[in-house]
Structures are given as structure tokens and as C-alpha cells.
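Chemist: Have a look at this one.
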Amino acid sequence: MRIGVLFLQGGAIEHEHAFRKAAKKLGIKAEFVRVRKKTDFSGLDALAIPGGESTVFQKLLERKGLLPEFSKVPKILATCAGLILISSKIEDGIAGQKPLGLIDIAVKRNAYGSQLDSFECELEAKGIGAVHAIFIRAPKITKLGKGMKVIARHGGDPVAISKKKGRQLILGTTFHPELATSVFHEWLLSN
Amino acid sequence: MEKQTGTFRLKSGLAQMLKGGVIMDVTNAEQAKIAQDAGAVAVMALERVPADIRRDGGVARMSDPLKIKEIKAAVTIPVMAKCRIGHFAEAQILEALGVDYIDESEVLTVADEEFHVDKSKFKVPFVCGARNLGEALRRIDEGAAMVRTKGEAGTGNIVEAVRHIRAINREIELLKGMNSREIVDAAKEMCVPVELVKNVSGLGRLPVVNFAAGGIATPADASLCMQLGVDGVFVGSGIFKSTNPKKFARSIVDAVAHYQDAKNLAKVSEGLGDAMRGLEVSNMPENQRMALRGK
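The listed protein sequences correspond, in order, to chains A and B. Be aware that the first sequence starts at 1, since it is given in my numbering, and climbs by one per residue. Be aware that the second sequence starts at 192, since it is given in my numbering, and climbs by one per residue.
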């Protein structure tokens, strides 16, 4: 398998480590790609879009003409800012911030408040089990489109979702699984 | 488990999300917007950039809370602010204002020559400057969740930041080859717990994110620091003391994201106009060296 992590800005290496652990556990022979330019997307089987600043992702991807590349990747794990990037509506985006619309959700950025409101807790994820979830200046999913599966909730809000759309499987979290576990990476690679 | 806030993992985690990014000094809402539009990952809210602090002299203190609120209201990216070294009351005010990160900074006048702020007592994360591994580890031991080089702020001269990055790299390399006896000695010498030194020796890097700061004025400076192994850069006076802040800001963002791509660097370095004027550091009297504040 060819497994990539978008490596422009944010917590990218953490995803690479989690993917390595997941691949080893599943006995998958994998090649890892640090995705920075168009050619890095070719032949990818899976890609993680990390946490970071969604406004920065947008600008860097736009400047390099990389925005259309994501719809071709068969499996995507999008965490926090990554999830904002692939959503279909950002309720409080900055001027010119247009999400990719790969999944039909609306999001609100920094919905819990400032860094002082960042938190960690235990969650129950359907088909995955108990997980430790780290929310850092996290967004909230404010609207769910049709066919979206909710994998985990916190205080009633969906915080992990998945969607199979044509040949593309997307797993999205508003928290940071890569800082605590590789179980979400395993789920993506084995589904 | 109950919901937890203010943990070290949350503090260092935010710094992890800033990696590969540029944190820019801004002094008003307009500059903050320029920084955000250029692709800054965070802004540092200040009354004066370091070059002006240097020029004006006198005592440099925490910014007016009104200034910080103005900047917070202007952007959606994280907002950092500086307190004086050891001035925990300024830090408490910044925490009460809800800033996302506090920089306990040598750019401001030192408030306590003996103690830095006990950062573990705060819910808000701290970043601190360091010239060498000992300083970096003492700050981490006090609770800093992110480290940056001190460089020499407000000079537009990269030489000190490079010295500090190389010093930390070299000292970590030495640790990697040490046996447990030597690690105990190194810990004693640096006045930090043995466990922390063991951790660094095993990891082969600092246990928190490390940015370059102090003297970055061009996209090439930013790329140099990234290639030497830092996780991102702070640009203080380098943007708003240049002749074309918008262009400089955007180019430095591109230079950090694509630091290994020399063709891209050549492109983004083209026709930028004048970088900040800059100062020679080697003949600067010690009392003007901000990096020598705190140890």
C-alpha cells in the first residue's frame, strides 16, 4: 500500500507514526509518502490530512494547485483542521476560505473556545472501542448530510464520522487520534 | 475519565499543530489580518516589535490588554502574547484574557533575575527562548510546552538563531552517545532531572516542539533554520519592518512549508523589496543583547 500524509503544515509526523504502527499491526506492507506536491498524490491508497491551521492548508494548497487532488484518493483520514478542509461548509471561515466539499457536513471552527477550553476525555467509538480523545481548539460538526455514519459523539455532538462515497472512504474526527492511538488508522486501512 | 483541561498533552499538542508554520509579530488588527491572510499559523500580539523596543529603550512590559483584545477579535488563528521573564502576574493577566499561548520572553525587560515563571501552574501553555540544551530543558522542567531559540531579536540578523539551533543539535547528539553515568552528570550540570535528560537522549530530539526565533528577515533565513532541523519559525520585526510586509509574510510562509525546494525558494525570494535594515551583532555591547537575559 502507498500511504501518504499531507506534510505542508501541522501535526504530520504524528500521523506517519500512527500509520506505521497500524500497518505493522495489520501486517500490511506499506510505503510512506510525505505529500507536498502534485506528483506525491499519484498512486496513493490512503492519505491523512492532519491537524494544523485550516486557513494555512487552504492557502498552501491553492498556491500549489493541489486542491483537486484529494477527490482521487481512495481512503482519507481527516483530523481537526483536515476535517474542516474537506467539509462542505465552514460557518465562520475567513474571507476566501472555501472547503473542498468531499463530505456533506457543516463545521464551526474553534467551536469550544480558545486553547484554555481544549480538553481530553474518553469516548466510545462504534466498531473501534474505547478511545482517548484529545480536542485542541477543536471544531464542531454543526450539520450532517445524508448517509453520514456517526462513529463517536461527545456531549451529543458527532465528533467522529465516516462516509463511503463511490470509491472513496472518508473517516473524519474533530479530535486528534494520532496523538493517542493508531486504532483509527487501523480502521481506515482495514475497511 | 472526567473531561480534563490544561494538561501538558493539550499544551504541547497545540504546539505540534503549529509545526511547519510561521508565527508573526503584529501590533494592531490590520497587521494581524495581513498575517492571517498571508498564511501565518498564529500571531504574537505586541505593542511594539522587537526592533522598536530596541530603538526606544526603557522598560518593556506586557502589552495593554486592550491591544491584545483588539488583535484577538481580528483573527481566528491562535493569538500569543508576551510576559516578562519571571513576571507571573503578567502571565496571570494574559491567561485571564484567554490568549492561546504565552511567550515568557527576553525581548521584554526581565522581572525576576532568579526565577522564571512556574509554568506548570498555568492552564495556558508557554513557549520560552533558549540558547542551548540546558536552558531549553530548564524551561521544559518549569512547564514550558514549546521552545524557541532566542536568536537576537530585533536585529534582522540570523547569526545568533543559527548558533542556538546548532548548539542544541550538537548537545543532543552528544547525549545520544552517553552511558547512564554520563547522563546523570549531564543532568547535574544542566540542573535538570535525570529522567528528562534520559528522555531526550532516547528521543534524539527535544520532547517538545522547537521553533527558530530572533533575527529571521527573509524566506532564505526561514529555510536555513528549517533545514537545520527546527519545527517552524517566529518572525518578529522581519515582516512589518520590511518595505513590503504582505509579500514578505506570504513568501516566508511558502519558504517554511517548502523549505527543501530551492526552485520554489528562488521564486518566492524574487522582487520582494528591501528586507528590514538589520544590525550587526558581533560588536553589540552586552547590555543590548536580549539573548543574554535569563539563563
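Positions of the beta carbon are idealized from the N, C-alpha and C atoms, including for glycine.
With a floor of 4 residues, list each alpha helix (DSSP H) that falls wholly inside the segment 297-357 of chain B, ordered by position along the chain.
Modeler: With a minimum length of 4 residues, the continuous alpha helix (DSSP H) runs that stay inside the segment 297-357 of chain B are 324-332.
Chemist: Please report whether the beta-carbon of Ala229 (chain B) lies at a distance below 9 Å from any beta-carbon of chain A.
Modeler: For Ala229 (chain B), the answer is yes, since a Cβ of chain A falls inside 9 Å of its Cβ.
Chemist: Which of the residues in the segment 260-280 of chain B, read from start to end, lie with their CB under 9 Å from any CB of chain A?
Modeler: Correct list: Lys263, Val266, Thr267, Ile268, Pro269, Val270.
Chemist: Which residues of chain B have a Cβ atom closer than 9 Å to the Cβ of Arg137 (chain A), listed in chain order?
Modeler: Simply Leu205, Met208, Pro269, Asp291.
Chemist: Can you list, in chain order, the residues of the segment 311-334 of chain B whose Cβ is nearer than 7 Å to any Cβ on chain A?
Modeler: So the close ones are Lys314, Val315, Pro316.
Chemist: Would a check of beta-carbon distances place Glu60 (chain A) closer than 9 Å to chain B?
Modeler: One detail in the question is off: residue 60 (chain A) reads as Leu in this sequence, not Glu. Yes, its Cβ sits closer than 9 Å to a Cβ of chain B.
Chemist: Whose Cβ in chain B lies nearer than 8 Å to the Cβ of Asp40 (chain A)?
Modeler: Chain B residues near Asp40 (chain A): none, gap ~12 Å exceeds 8 Å.
Chemist: What beta strand (DSSP E) runs, 3 residues minimum, are completely inside the segment 18-44 of chain A?
Modeler: Runs of the beta strand (DSSP E) inside the segment 18-44 of chain A: 31-35.
Chemist: Could you tell me whether the Cβ of Arg63 (chain A) comes closer than 9 Å to any Cβ of chain B?
Modeler: At least one chain B Cβ lies under 9 Å of Arg63 (chain A).
Chemist: For Gly52 (chain A), which of helix, strand or coil comes out of DSSP?
Modeler: In the structure shown, Gly52 (chain A) sits in coil (DSSP, three-state: anything other than H, G, I, E or B).
Chemist: At which residues does the alpha helix (DSSP H) containing Lys379 (chain B) begin and terminate?
Modeler: 371-381 is the extent of the alpha helix (DSSP H) around Lys379 (chain B).
Chemist: Does the distance from the C-beta atom of Gln283 (chain B) to that of Phe431 (chain B) stay below 9 Å?
Modeler: Result no, Cβ atoms of Gln283 (chain B) and Phe431 (chain B) do not sit closer than 9 Å.
Chemist: Quickly, what does DSSP pair Tyr292 (chain B) with across the bridge? List them, please.
Modeler: Paired residue(s): B:Met271.
Chemist: Is the separation between the beta-carbon of Val318 (chain B) and that of Gly406 (chain B) shorter than 9 Å?
Modeler: Result no, Cβ atoms of Val318 (chain B) and Gly406 (chain B) do not sit closer than 9 Å.
Chemist: Pick helix, strand or coil for Glu364 (chain B), following the three-state DSSP scheme.
Modeler: In the structure shown, Glu364 (chain B) sits in a helix (DSSP, three-state: H, G or I).
Chemist: What's the call for Lys163 (chain A), buried or exposed, on a 16-neighbour Cβ count within 10 Å?
Modeler: The residue is buried, with at least 16 neighbouring Cβ atoms inside 10 Å.
Chemist: My understanding is that Ser442 (chain B) touches Ser460 (chain B), with C-beta atoms under 8 Å, so please give their C-beta distance in whole angstroms.
Modeler: Right, the Cβ-Cβ distance comes to about 7 Å (below 8 Å), so this counts as a contact.
Chemist: In whole angstroms, what is the alpha-carbon distance linking Lys140 (chain A) and Arg153 (chain A)?
Modeler: When rounded, the distance between both Cα atoms is 11 Å.
Chemist: Mind checking whether Val250 (chain B) and Cys274 (chain B) have CB atoms under 9 Å apart?
Modeler: Not in contact: Val250 (chain B) and Cys274 (chain B) (Cβ atoms no closer than 9 Å).
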